[in-house]
Each structure stands twice: as structure tokens, then as C-alpha cells.
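Numbering (this note's numbering), first residue to last: 1326 to 2020. Ideal Cβ placement from N, Cα and C applies to all residues, glycine included. Structure record follows, encoded as C-alpha cells.
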């Protein structure tokens, strides 16, 4: 009996010992999304290399992918790990956008934190945070404080994304300076970013690897949609994704600094940006997702009521058409006091809140084409023919805000020196928004627009703006990564091939499919200052060899489809005179209570409806590529048992983006939430509808 008890006790102690050891030396863990439809598996290989996999509804969407870093003056951090801890937590919150596509945002996810430790000397530690959402996943690295290591200098981040097939991809080259490329539609194995980089309009580009920029969107053979990006890009280099066609794999390729010789330099402790994958069974779900802003910290600025979402006109398009110029020496200076007042009068008469004035300040004679552009621009001194204070006074009298413009000519050190003074001037004048620009190769030589050094510069501009109650609309920017949640004065940015390419590019401008791709790629990152609203589609008499490659109805629909809290009516104001279709621009909202993505396919078409805050009115926009198509719209998103006065702006029967782009029909009717209608969109066409609640 005693012997039997002894063996039983020995067995229990042995099992406790085995279970204890197995817990200490666990090689895998996982976390699932709140609904359980997405699972992230994390493991260590036999050599201690961290790897992860992602499943969606039981099917692998990201296969075994490794993670790690290479440094200057330190051994790589890629293997030899053990798991010393893991923890899973659940989060469910709702936060409010001070402005945006919707008022309330749900942020629900499960988070797994894995604590790793090197078994051998130098015994460094690394934490990895995984978040599983019902519409995607994200992960980031944390370098905690540790003995003997004060900072790391990263020369490569080796995060892999192993695909499960040769997916259809919508991509632009992994350019270190600009995002102003047309999108390509190819299989993954057909991506060739190097071949796409050489173009006379892209003189400042630098693309050292066959890599793609993010967001890059894909569709699997089974119809699942994936979009790869990053969130909360803070004090780190922007990420491109290097393409390995043979292995069907992407790997992080951070933007570097030739001047400094590395990618990232950070003091410990710190966290990297989130690496994100949005996952949706249809294309529409990608747009509906708020994964990117959800991965950023809450609002740090508090009430930003000093910024008002608005439509604006301005002294801008006339420069691209050649009617006027930015500089005085040309003899065609556009930014005069008289011209600005003309735009203010137009804005005041047409429910437009702002006027942008480019070319107002000294320095434009030497802003581009010169090697040394430091010190060229003065951001507080106007040209003699522009009375800044009088223009601002006149605007206030008319209820119109002036939008400041700061073109840096890619000389950010000059801008840094004047930031405080320039933003203080805006604050003193009651100007609450600025459009910044960074055209050209970055000075100092060896830095790039999307490297760590410039990422920090763009952040300084945002923080200075917050200090002086100024909102920033950045052009030639770093990519949007959801920071608008943390800094809601980051209102919009360019970061794509914009409308101006239609006016002066030599390759025929933006194709009709451009924006039906942008809606499912670049727009997933955040608001876009695309500057829609061209009515003079053929650009006569200014640009006989150029045109806008859409119909007029398509231009109207962009005010709903391409989101921004500031929307420009970019055409010359004389082109809006006696145009019944301009009523849609007068009426359309810019700040939304909620958004419904009705339908869409990447690169083909997209239909979006948005409800305006305060009024409860709805606006709908639909655009198509070069193909004519019929779309059935179900208006069941409207409030039950309410009637809406609808004004429908649709392509005329003979409309065509090239042959007859201005053919448009305008109809009035009554619509309720049981209404369904089928509309025909012309090649390159569109549909815009305003829906106002009946009294």
C-alpha cells in the first residue's frame, strides 16, 4: 500500500514537472478575433526564430512568415529566442471622430502580447503585440529597456508576409520619395516596380528594390480581399514591401538614409509602427474598415472646434493651366489681392467656406530646378501685389476663411526654422488651415521624403499646428497611417497621383480606372485632397493636348466617393457660371454622420452613400472605369418612413469620358428607403445624388 502511494506521488510530481517545463518552454500560442473568424498563430522554430501565420475562416491567408531585425554594431535579432510569457486581453470601445466619414467608431479586438528572450548572450528581450480584429490583423514590435543596450540602429527589418497564391494585385512602385504613380493591375508574380519608376514626371523618385508601396491591395482566386499597410508611423522609417516572386512573399524594405547610412535609430524603450492586413470577403468591406485609425492612440488635442470641415476654391488650377503663375517675375502673377477677393466673392455666394491662395509669398522665382533651395521661401512675407491682412479681413467680412499655403520646395530645414513664426502669424490672423508642399528632392542630399528624418519633420509641423490651432493638409507627404485619430489637425493629404496630372502630364493623364482603384488602395490609408470638380473637361483653350479622363457626372460623384474633410471645387470659377450641375457642389456635405459602401470592385466601380452630420441629408456617389455599366442601387440605408427630395445627376445617354464628357442629365424625384433604382454609368462616368429630408 505504501509502495503504491509512493509510485502515485512520484507520478504526480513527474507530471507537474513536465507540465511546468512545457509551460516555460512553450513554442507556440495564438489569438483569435472576437467572432473567431480570424486566427493569428505565433510559433518559434526549432532554432528559436519567431514566425506567425494568419487564418480566415479556417483557411490560411498568410503562411509561415518569419520576423526579425538586423542592426549596426549588434548581432541580428532573428533567432535563438524562447517564450518567457504571453498574455491575451480583450478590448471593446467606441470613440468619436471630431470630423470624419462617421461620427462613432467601434474598436473591438483581442490582443496577444508575446515576451521573447534570447537564450544565449547577449540575452536581449523583444515583445510582439498581435491584434486580431474581425476585419483584419495587426502586429508591432516593442524594444523594452534592457541592460547594456541604450539604443538600436536598424539597417533592416525582416518582417515577412508569405502569400498563399499568385493573387491579383493593385500596386504602385515602392518609391522612397513620391506616391504619384498610376496604379498597376497584375498578378503578384508580374510585379516589376523597377520598370515602372522611369518617367519624366517622376524626376525625384528613388526605388532601389522591386518593392511596392502601401497600401497594396490584393484579391485571392477565392475572392478574399487583402490590403497591406502600416499604422501609427512614429519616429520610424516608412515601410515598402519587397517582392519575392519565386517564394510568393513580401518582406519589409524600410526607407533608408544615404546621408546617415541606416534605416532607423531609436533609443530604448520604443515600439515600431503596426504592420497591418485588412481582410474582407468583398471589396466594399475594405473601405468600411477603420482598422488603420483604430490602431492609433486617442485624441491628444482635445476639442478642435477651431477647424471646420469645408469646401474651398482657390488660386491654384489656373497655374496648372498656364493662365497665371506662382511667381511675380513671370508677369502673370495669380496671387494678387484683387484676384483673391474675386474668389472670396464667389465662395461667399456659393456655400463654399474657404479660399486657397498659392503663390502669395516671396521665393517662387527659384523654387524648383535649383540645386540649392535652402532659404528661398519666406513664409511670412507676401509679394507686393498681395495684401495678406486685407485679404483675410475681406474674407472674414464675407464669412470665408483663407487657407494658407506653404511650399517648402523640399527644403525642410528652412521650413523648420520658420515653423513657429509662420504658424504664429496664421494664428494671429485667424487662419486655421494650411496646405504644405514638398516638391523636389529632399535637402539635405541623401534624405528621402519617406525616411525617418522626414517622418519626424512632418510630425513637427503637426505639433506646431496644434500649438497654434492650425490644421495641416500635406502635399508630397509621408503616407497616412491613421494619426488623424491622435492629431485631428492632420486633416488631409495628397499622397497620390492627383488631378493636376491631367493638366500637364505627357502620358495622357489619369485613366478612367485610376480613382476606382484609389478608393480601394490609397483611400484605405486616410483622407485625400484630390481636388475634384473640373467642369471644363477638355481644358480649352489652355491645354489642347490634355484633358480630364472622366465625365462631368464622375467629377461630381468624387465629392462623395473620395473622402476628405476639405473638398476643393478646383476649376476656374468662370467655368461654374450658368452650370446647373454646380448645384451639387453647393449642396454636398463634407462631414459625415455615417457612411455606407453600397457596392464596388477594385478598379472597376464603387458606390458610396454618406449622411451629413447635423442635417441628416444623404449624398451618394458612384464612379466607373472605362466600361459602361448598369448598377442597381437599393436606398434601404435611408431612414424608415421618411421621404427625401432627390436630385439625380447622371450621365447623359450619349455621355463618354472622351467623346462627350459633359453630357449630363439632372432629374428631381422623391425617394424613400424602399426605393430601388437602376442607373447606367457611361464609360468613365458617374452618378451623384443629393437626398434631402422632406419637411
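Of the candidates 1883, 1957 and 1517, 1517 places its Cα closest to the Cα of residue 1567. Beta-bridge annotation (DSSP): residue 1446 is not paired with any residue.
Bridge partners of residue 1707 according to DSSP: 1686. Taking every protein chain shown into account, the CB of residue 1603 has 16 or more other CB atoms within 10 angstroms, so this residue is buried. Non-local beta-carbon contacts of residue 1992 in its own chain, meaning distances under 6 Å to residues more than five positions away in sequence, involve 1973 in chain order. Excluding sequence positions up to five before and after residue 1754, its CB lies within less than 6 Å of the CB of 1717, all in the same chain and listed in chain order.
The C-alpha of residue 1976 is placed about 12 Å away from the C-alpha of residue 1955. The closest CA to that of residue 1488, considering only 1839, 1391 and 1509, is found on 1391. Shown here, residue 1962 sits in coil according to DSSP, grouped into three states, outside any helix or strand. Using a Cβ distance threshold of 8 Å, residue 1913 and residue 1885 count as a contacting pair. Distance check between residue 1633 and each of 1424, 1710, 1354 and 1959 places 1424 closest, using alpha-carbon atoms only. Taken in chain order, the complete beta strand (DSSP E) segments of 3 residues or longer contained in the segment 1576 to 1647 are 1589 to 1592, 1599 to 1605 and 1635 to 1640. Under the three-state reduction of DSSP output, residue 1697 falls in the coil class, being neither helix nor strand. Residue pairing from DSSP leaves residue 1484 without any beta-bridge partner. In chain order, 1402, 1477, 1478, 1479 and 1480 place their CB closer than 8 Å to the CB of residue 1396, counting only its own chain and leaving out the 5 sequence neighbours on each side. Judged by pairs of C-beta atoms under 8 Å, the segment 1461 to 1470 does not touch the segment 1487 to 1502, as fewer than three such pairs exist. Judged by DSSP secondary structure, residue 1367 falls within the beta strand (DSSP E) whose first and last residues are 1363 to 1369. Put simply, of 1668, 1712 and 1369 the residue whose alpha carbon is nearest the alpha carbon of residue 1723 is 1668.
A straight-line Cα-Cα distance of about 50 Å links residue 1774 and residue 1995. Within the model, the alpha-carbon separation for residue 1895 versus residue 1612 is close to 25 Å. Collapsing the DSSP output to three states places residue 1993 in a strand. Listed in chain order, the non-local C-beta contacts of residue 1970 below 6 Å within the same chain comprise 2017 and 2019, local neighbours out to five positions each way being set aside. When C-alpha distances from residue 1407 are compared across 1563, 1385, 1370 and 1431, the shortest belongs to 1370. Here residue 1609 is actually not in contact with residue 1807; their C-beta atoms are around 20 Å apart, not less than 8 Å. In this structure, residue 1948 lies near residue 1930, with their beta-carbon atoms less than 8 Å apart.
Beta-carbon to beta-carbon, residue 1772 and residue 2015 are separated by about 46 Å, too far to satisfy the 8 Å threshold.
Taking 8 Å as the cut-off, the Cβ atoms of residue 1376 and residue 1457 do not count as close. The way I'd put it, the segment 1687 to 1695 doesn't touch the segment 1621 to 1635; fewer than three beta-carbon pairs between them come closer than 8 Å. By the Cβ rule, the segment 1448 to 1455 does not count as touching the segment 1424 to 1434, because fewer than three pairs are nearer than 8 Å.
For residue 1672, same chain residues with a beta-carbon under 6 Å away, outside a window of 5 residues either side, are 1638, 1680 and 1725 in chain order.
CA-to-CA, the gap between residue 1847 and residue 2007 works out to about 24 Å.
Under the three-pair Cβ rule at 8 Å, the segment 1893 to 1911 counts as touching the segment 1850 to 1862. Contact between the segment 1651 to 1666 and the segment 1709 to 1716 is present: 3 or more CB-CB pairs across the two stretches fall below 8 Å. The residue from 1864, 1757, 1422 and 1805 with its alpha-carbon nearest to that of residue 1789 is 1757. DSSP places residue 1402 in the strand class (E or B) of the three-state scheme.
If you check the CB distance, residue 1735 and residue 1768 come in under 8 Å.
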